[in-house]
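J.:
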Ligand SMILES: [Fe+2]
Ligand SMILES: [Fe+2]
């Protein structure tokens, strides 16, 4: 076989639509069956990564890691979706995507899911898993024909970009936390042999069906739905400042209301803490459900970070406010997953009318702090999307919208106010932290505090826990 030696494109334009050279396209590369086999493995890895990140969000105390896990769960869900779509285009029914490619690969991810320390989890999922996954993607890109399999190469190009970012985050996190070294023995004795048994991330190395050992996943996995926070979060049961009452009062200036809104945004850490438990505990739904819910969970994590950014920009140390976990704690321990979803939907529907997100945006616009308008504008848009996600995935489980709302309302009403209980148990004094935060903002801005604003002192006492907007995420 002798290829044409003098063949060239017209005017020497880039050939083959810019995909590759003739020499590259003339390599036979992989056939459909092998492509599908490898892509299904990648899909499995992304699905497990999504599951594992989501499962850690609630019980991980460190705020930065919580936020990153929400982000990375979302990225994995998006790329798993893209690969599902691609596989379904390759003469392959989308069925079979839920099959476990190799029992040792399943055990590998089970081990990471059950890893007892954050450091081990980070080492395993980011440094080991993500870096090997990147190698397997690169191998696929090199092995497949760039013309015949251009759609898969494109899908994986984008996956590669973000898995690289996930990996980089993990490297920095591992460095920052300092390694206790506990992963070494685990990797030597358990994880390394598992990797050998499943024949690399793409399964291109010889695999083994010999029995393998487990360590952390020997016992069944127990999901921890109790939210945890790091040391910067104090007085977690505090309900001493009624943020909604301040925000919706006509008595106070927009600038001060913005500060209260930033508090409300940051308090939204409790939404990913709560949504992660719904995602984890709800089984048997179509993949699209998990993708939509994960998108919303990531948005809520972003809302919390928007609050953080606003505080930092205004020169306010947010740790002096009380970013409580009362809501996620109680929903996660007192309601079923469907009830939690119902409560979330009920609250989010309440955000849509005039007093909801539009109002917050208008207050932010009037405040003379342009960043606040940006934050609230996007927060509002996200909430409109969440309302649609709720209609698609929550309401459809009921006869109609009214019944769905009633279900959420009833679940929320059942969670009775614990204002006095937590005080009587000595868990909090419901300290009024507002004047401290407000004074900080005024000092940073170089203005005198407004006496009336400083004097705001209204708690959540006597507020029914089901009062609309009490959370007002
Ligand atoms: Fe939100
Ligand atoms: Fe939302």
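Numbering (the working numbering), first residue to last: -15 to 457.
The beta carbon of each residue, even a glycine, is placed where N, CA and C say it ideally should be.
Indicate the three-state DSSP secondary structure (helix, strand or coil) for residue 144 in the structure shown.
T.: For this step, residue 144 is matched to residue 160 along the chain shown. The answer is helix: DSSP assigns residue 144 an H, G or I state.
J.: Consult DSSP for residue 452 and reduce its assignment to one of helix, strand or coil.
T.: Residue 452 sits at position 468 when you count from the first residue of the chain shown. With a pLDDT of only 48 at residue 452, under 50, the local geometry of the prediction cannot be trusted, and the value read off the model is given with reservation. Coil at residue 452, not helix or strand.
J.: Starting from the Cα of residue 190, find the closest Cα among 324, 88, 319, 137 and give me that residue.
T.: On the chain shown, position 206 is the one that residue 190 refers to. Answer by Cα proximity: 88.
J.: What's the gap between the Cα of residue 124 and the Cα of residue 134?
T.: Here residue 124 refers to the residue found at position 140 of the chain shown. Here residue 134 refers to the residue found at position 150 of the chain shown. Rounded to the nearest angstrom, the two C-alpha atoms are 12 angstroms apart.
J.: Could you check whether residue 107 and residue 163 sit closer than 9 angstroms to each other, using their CB atoms as the reference points?
T.: The residue labelled residue 163 in the question sits at position 179 within the chain shown. The residue labelled residue 107 in the question sits at position 123 within the chain shown. Yes, they are a contact pair.
J.: Counting Cβ pairs closer than 8 angstroms, one from the segment 92 to 111 and one from the segment 209 to 229, do we hit at least three?
T.: no
J.: Residue 393 to residue 326, Cα distance in whole Å?
T.: Translated into the one-based positions of the chain shown, residue 393 becomes position 409. Translated into the one-based positions of the chain shown, residue 326 becomes position 342. Between residue 393 and residue 326, the C-alpha separation is close to 7 angstroms.
J.: Grouping DSSP H, G and I as helix and E and B as strand, with all else coil, what is residue 96?
T.: Position 112 of the chain shown, counted from the first residue, corresponds to residue 96. Of the three classes helix, strand and coil, the one that applies to residue 96 here is helix, per DSSP.
J.: Out of 276, 344, 311, 261, which has the shortest C-alpha to C-alpha gap to residue 230?
T.: Within the chain shown, the letter at position 246 stands for residue 230. Nearest C-alpha to residue 230: 344.
J.: Alpha carbon to alpha carbon, how far is residue 64 from residue 198? Give it in angstroms, no decimals.
T.: Walking along the chain shown from the start, residue 198 turns up at place 214. Walking along the chain shown from the start, residue 64 turns up at place 80. Going from the Cα of residue 198 to the Cα of residue 64 covers about 26 angstroms.
J.: Would you tell me roughly how many angstroms separate the C-alpha atoms of residue 396 and residue 420, rounded to the nearest one?
T.: The count along the chain shown starts at 1 and reaches residue 396 at position 412. The count along the chain shown starts at 1 and reaches residue 420 at position 436. In a straight line, the C-alpha of residue 396 is about 31 angstroms away from that of residue 420.
J.: By Cβ distance below 7 angstroms, which residues in the same chain neighbour residue 93 in space, the five residues on each side in sequence not counted?
T.: Sequence index remark: in the chain shown, residue 93 carries index 109 (1-based). Contacts found: 32, 36.
J.: What are the uninterrupted segments assigned as alpha helix (DSSP H) that are 4 or more residues long and contained completely in the segment 290 to 377, given in chain order?
T.: 310 to 318, 321 to 334, 341 to 350, 354 to 377
J.: How would you call residue 366, buried or exposed, if buried means at least 16 neighbouring beta carbons within 10 angstroms?
T.: Taking the chain shown and counting its residues from 1, one reaches residue 366 at position 382. Of the other Cβ atoms in all chains shown, 16 or more fall within 10 Å of the Cβ of residue 366; this residue is therefore buried.
J.: Distance, Cα to Cα, residue 375 vs residue 66?
T.: For the purposes of this step, residue 375 is taken as residue 391 along the chain shown, with counting starting at 1. For the purposes of this step, residue 66 is taken as residue 82 along the chain shown, with counting starting at 1. The alpha-carbon atoms of residue 375 and residue 66 are separated by roughly 24 angstroms.
J.: Would DSSP call residue 116 helix, strand or coil?
T.: Translated into positions along the chain shown, residue 116 becomes position 132. Reduced to three states, the DSSP call for residue 116 is helix.
J.: With three or more C-beta pairs closer than 8 angstroms as the rule, is the segment 271 to 287 touching the segment 383 to 393?
T.: no
J.: Can you tell me whether residue 287 is buried or exposed? The criterion is at least 16 other CB atoms within 10 Å of its CB, across all chains shown.
T.: The residue labelled residue 287 in the question sits at position 303 within the chain shown. Under this definition residue 287 is a buried residue.
J.: Does the contact criterion of 3 or more C-beta pairs under 8 angstroms hold for the segment 242 to 257 versus the segment 307 to 326?
T.: In short, these stretches touch, since the Cβ pair count reaches three.
J.: Rounded to whole angstroms, what is the Cα-Cα separation between residue 400 and residue 187?
T.: The count along the chain shown starts at 1 and reaches residue 400 at position 416. The count along the chain shown starts at 1 and reaches residue 187 at position 203. Approximately 53 angstroms, taken between the alpha carbons.
J.: Can you tell me whether residue 50 is buried or exposed? The criterion is at least 16 other CB atoms within 10 Å of its CB, across all chains shown.
T.: The residue given as residue 50 occupies position 66 in the chain shown. The residue in question, residue 50, is buried, as its Cβ has 16 or more Cβ neighbours within 10 Å.
J.: Compute the minimum distance between the beta carbon of residue 287 and the heavy atoms of ligand 1, and state whether it is under 8 angstroms.
T.: Here residue 287 corresponds to residue number 303 of the chain shown, with the count starting at 1. Distances taken from the Cβ of residue 287 to the heavy atoms of ligand 1 include one shorter than 8 angstroms.
J.: Mind checking residue 128: buried by the 16 CB within 10 Å criterion, or exposed?
T.: Translated into the one-based positions of the chain shown, residue 128 becomes position 144. Residue 128 should be labelled buried.
J.: Would you check whether ligand 1 has a heavy atom nearer than 8 angstroms to the C-beta of residue 55?
T.: The count along the chain shown starts at 1 and reaches residue 55 at position 71. Incorrect: residue 55 has no Cβ contact closer than 8 angstroms to ligand 1.
J.: Which class does residue 42 belong to by DSSP, given the choice of helix, strand or coil?
T.: Here residue 42 refers to the residue found at position 58 of the chain shown. For residue 42, the three-state secondary structure derived from DSSP is coil.
J.: When the Cβ atoms of the segment 232 to 240 are set against those of the segment 347 to 363, are three or more pairs found closer than 8 angstroms?
T.: The segment 232 to 240 vs the segment 347 to 363: in contact.
J.: Looking at residue 130: is its Cβ nearer than 9 angstroms to the Cβ of residue 8?
T.: Here residue 130 refers to the residue found at position 146 when the chain shown is read from its first residue. Here residue 8 refers to the residue found at position 24 when the chain shown is read from its first residue. Yes, they are a contact pair.
J.: Going by C-alpha to C-alpha distance, which of 4, 34, 21 sits closest to residue 282?
T.: Locating residue 282 in the chain shown gives position 298, counting from the first residue. Nearest option by C-alpha distance: 34.
J.: Just curious, the alpha helix (DSSP H) that residue 265 is in, first and last residue?
T.: One-based indexing of the chain shown puts residue 265 at position 281. Per DSSP, residue 265 belongs to the alpha helix (DSSP H) from 254 to 265.
J.: Kindly list the residues whose CB is nearer than 6 angstroms to the CB of residue 450, restricted to its own chain and excluding five residues on each side of it in sequence; keep chain order.
T.: As a first step, residue 450 must be located in the chain shown, where it is residue number 466. Residue confidence is low: residue 450 scores 40 on pLDDT, short of 50, so the model does not pin down where it sits. Its coordinate-derived value is still stated next. Cβ within range, chain order: 396, 397.
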